[in-house]
Ligand SMILES: Cc1ncc(COP(=O)(O)O)c(C=O)c1O
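Laid out in structure tokens, this is it:
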């Protein structure tokens, strides 16, 4: 297709009628499809069903003989920490296995930092004047929601295809009010970006005016590949150590999208000082984590090879859904100059940049045709996309045939909204 900006008025009008007719045909089908949230589909959850029966038959003892049904062991079973050590890039003694949600661990770390400070703090973050966080954008809405809830200012920074714009990050970190930064370093939510080794090294080494600056390193998609390539990123804890900032990174991950979302294991990994700090706080909050679930995970997944095999089975279910989306976008929009989209090698999302000022219109058009999309703006701090141009597509939950139908419809909505905007532009210029 030719770029719509280059079409004559007559060609634009003809294209509009044909796209409207196809859009109306979608509306008439009465679709009811949901591409809003990045959750595993039921067939993915089924992959871990055998885990539910574990540990089974009275064998509740951990490798070191603890009764996992009882209180205690705040840090988590040694075998669970050992299993995930290579995934987290930390030795087992620098890992804490929490309960079922890494987001909850991130939330708690922010609350503890606000109320108590972190190692290296001169005072609790809440006693600073308006603490702020660097927020690579588009980003994860729930990260932003935590900051908004606690009145932490958000400073958006653009993504570059190899992580956040580091020149901008380094400038912002020179302000002592800037206490931290969100990072989803592999298969970022929603852009799918993979931080380059250079980005990771710069994040570890950059000067920060706040002595207690923290990278909230949310490696939520560490093993969630969509191709045969198992992309690796540089080890942030090692890089921070090398750069003489050993306490800079809080690393988080979970098995929410490996085993069960809501009934998995969450992890915190960091320097010895940060782990002591975290456990001192966590020990007031709980007498111990759910170690039965830890044992269940260890017995089901067994070792890194078992974990990778399990993730390959996820990939087999997920990859065709992502291909269905990018194929439909390419077929309907390729060459039209109306959108750019990510083709992620992992993670749970496809990010689409549409013509400035049309993202909300696309969401409304899709809704009217029975396809629910994440609200436009959700990927920006405070839910406000200043360009109204970013859409986050989440193709994991619907069945493949539904993803295909929804993607066709979304592509038409993007095209229709762009044609409407182009038509209005021509009218105002006339
Ligand atoms: C980047 C990111 N972090 C964290 C989470 C939630 O993780 P958990 O289920 O461990 O709380 C998600 C879920 O979509 C996510 O996309």
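In the working numbering, the protein residues as written are -5 to 424.
Each residue gets a CB set at the ideal place from its N, CA and C atoms; glycine is no exception.
Taking 7 Å as the cut-off, does the CB of residue 43 come closer than this to any heavy atom belonging to ligand 1? Residue numbering aside, residue 43 sits at position 49 when the chain shown is read from its first letter. No, ligand 1 has no heavy atom inside 7 Å of this Cβ.
Can you list the alpha helix (DSSP H) stretches of 4 or more residues lying completely in the region 266 to 344, in chain order? Listed in chain order, the alpha helix (DSSP H) elements of length 4 or more contained wholly in the region 266 to 344 are 266 to 279, 285 to 295 and 298 to 327.
To the nearest angstrom, how far is the alpha carbon of residue 282 from that of residue 289? Along the chain shown, one-based indexing puts residue 282 at 288. Along the chain shown, one-based indexing puts residue 289 at 295. Cα-Cα distance, rounded: 14 Å.
Three-state secondary structure assigned by DSSP to residue 43: For the purposes of this step, residue 43 is taken as residue 49 along the chain shown, with counting starting at 1. In this structure, DSSP gives residue 43 a helical state, which the three-state scheme calls helix.
Spatially closest choice to residue 181 from 385, 338 and 5, by CA coordinates: As a working note, residue 181 is residue 187 in the chain shown. Nearest C-alpha to residue 181 among 385, 338 and 5: 338.
If we ignore side chains and look at the alpha-carbon of each, how far apart do residue 184 and residue 59 end up? Translated into positions along the chain shown, residue 184 becomes position 190. Translated into positions along the chain shown, residue 59 becomes position 65. The alpha-carbon atoms of residue 184 and residue 59 are separated by roughly 43 Å.
Is residue 32 near ligand 1, in the sense that its beta carbon is under 7 Å from a heavy atom of that ligand? Reading the chain shown from its first residue, position 38 is the one you call residue 32. Yes, ligand 1 has a heavy atom inside 7 Å of this Cβ.
Distance CB(residue 207)-CB(residue 236) smaller than 8 Å: Working through the chain shown from its first residue, we reach residue 207 at position 213. Working through the chain shown from its first residue, we reach residue 236 at position 242. It is not a contact, given that the beta carbons lie outside the stated cut-off.
Buried or exposed for residue 80, please, with buried defined as at least 16 other CB atoms from any protein chain shown within 10 angstroms of its CB. The count along the chain shown starts at 1 and reaches residue 80 at position 86. It is exposed - the Cβ of residue 80 has fewer than 16 other Cβ atoms within 10 Å.
Cα-Cα separation between residue 327 and residue 205, rounded to whole angstroms: Position 333 of the chain shown, counted from the first residue, corresponds to residue 327. Position 211 of the chain shown, counted from the first residue, corresponds to residue 205. Those two C-alpha atoms are separated by around 48 Å.
Is DSSP giving residue 185 helix, strand or coil here? Translated into the one-based positions of the chain shown, residue 185 becomes position 191. Three-state DSSP puts residue 185 in coil, outside helix and strand.
With burial defined as no fewer than 16 other Cβ atoms inside 10 Å of the residue's Cβ, what is the status of residue 69: buried or exposed? By one-based count along the chain shown, residue 69 stands at place 75. It counts as buried.
Between residue 187 and residue 153, is the Cβ-Cβ spacing less than 8 Å? As a first step, residue 187 is located in the chain shown; it is residue number 193 there, counting from the start. As a first step, residue 153 is located in the chain shown; it is residue number 159 there, counting from the start. Going by C-beta atoms, residue 187 is nearer than 8 Å to residue 153.
Here's a check: name, in chain order, each residue in its chain whose Cβ is nearer than 6 Å to the Cβ of residue 151, leaving out the five neighbours to either side. By 1-based counting over the chain shown, the position of residue 151 is 157. For residue 151, the CB contacts under 6 Å within the same chain, skipping 5 residues up- and downstream, are 128, 130, 158, 159, 162 and 163 in chain order.
Identify the continuous alpha helix (DSSP H) that holds residue 160 and give its terminal residues. To locate residue 160, count along the chain shown from 1; it is residue 166. Going by DSSP, residue 160 is part of the alpha helix (DSSP H) stretching over 160 to 166.
My parser needs the beta strand (DSSP E) runs of 3 or more residues fully inside the region -3 to 55; what are they? As for any beta strand (DSSP E) of minimum length 3 sitting wholly inside the region -3 to 55, the runs are 27 to 29, ordered along the chain.
Confirm the yes/no value for this check: CB of residue 96, any heavy atom of ligand 1, distance under 7 Å. Walking along the chain shown from the start, residue 96 turns up at place 102. Within the chosen limit of 7 Å, ligand 1 reaches the beta carbon of residue 96 through at least one heavy atom.
Counting Cβ pairs closer than 8 Å, one from the region 312 to 329 and one from the region 18 to 27, do we hit at least three? The answer is no - the region 18 to 27 does not touch the region 312 to 329, with fewer than three Cβ pairs under 8 Å.
Near residue 65, what residues of its chain come up, given a Cβ to Cβ distance below 7 Å and the 5 sequence neighbours on each side ignored? In the chain shown, the residue the question calls residue 65 occupies position 71. For residue 65, the CB contacts under 7 Å within the same chain, skipping 5 residues up- and downstream, are 281 and 282 in chain order.
Sorted by chain position, which residues of the same chain lie with C-beta nearer than 8 Å to residue 322's C-beta, five sequence neighbours on each side aside? Here residue 322 refers to the residue found at position 328 when the chain shown is read from its first residue. Taken in chain order, the residues that qualify are 398, 401, 402, 404 and 405.
Simplified DSSP assignment, three categories, for residue 57: The count along the chain shown starts at 1 and reaches residue 57 at position 63. If DSSP states are grouped into helix, strand and coil, residue 57 belongs with coil.
Ordered list of beta strand (DSSP E) runs contained in the region 338 to 418, each at least 3 residues: If we require 3 residues or more, the beta strand (DSSP E) runs fully inside the region 338 to 418 come out as 344 to 348, 365 to 367 and 384 to 387.
Assigned secondary structure, residue 252 (DSSP; H/G/I helix, E/B strand, else coil): Start at 1 with the first residue of the chain shown, and residue 252 comes out as number 258. Coil.
Could you tell me if the beta carbon of residue 272 falls within a distance shorter than 7 Å of some heavy atom in ligand 3? Ligand 3 is absent from the structure shown, which contains only ligand 1.
Assuming residue 75 and residue 91 make a contact with CB atoms under 8 Å, what is their CB distance in whole Å? As a working mapping, residue 75 is identified with position 81 in the chain shown. As a working mapping, residue 91 is identified with position 97 in the chain shown. Rounded to whole angstroms, the Cβ separation of residue 75 and residue 91 is 6 Å, and the two are in contact under 8 Å.
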